[in-house]
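Q: Shown below is the structure under consideration.
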Amino acid sequence: MMKKIKNIRELQEAKTEILKRQNESESRIRSNWIDLKEAMMPRNIIKETLNETAMQKTEDVLTSDSLLKNTMMYGLTLLAKMVTDKVGDKVGNWIKKKS
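In my numbering, the protein residues as written are 905 to 1003.
Spelled out as structure tokens, the structure:
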């Protein structure tokens, strides 16, 4: 609830505050309007739709027990085994040379 205005100075302060809030509101409305116009452009709608579809498909592939996921996991496991074998051989050769 607003307090009672008792003199002309308080009236001027209230008027200034109201004008300030009006300017801020108009600025926010302009900014929101620009954002809305940008979001409603056909290229942005298409881009957003494709991004959402791609993200959903990626989540589905990674969370489901799919052939692609299994193949990728097998490949990564094989790669990790090859790297550890190679490092093991190098360390073994290095230890033999030091002995």
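Note that CB positions come from ideal geometry on N, CA and C, so glycine has one too.
1) One question on the structure: do asparagine 948 and glutamate 942 come within less than 8 Å of each other, judged by their Cβ atoms?
2) How many Å lie between isoleucine 950 and aspartate 939 at the Cα?
3) Runs of 4 residues minimum, wholly inside the segment 913 to 1001: which ones carry the alpha helix (DSSP H) assignment?
4) Glycine 996 to alanine 984, Cα distance in whole Å?
5) Assuming the contact rule is C-beta atoms closer than 8 Å, isoleucine 922 and leucine 915 should be a hit. Round their C-beta distance to whole Å, please.
A: Let's see:
1) yes
2) 16 Å
3) 946 to 967
4) 18 Å
5) Not a contact, Cβ separation roughly 11 Å.
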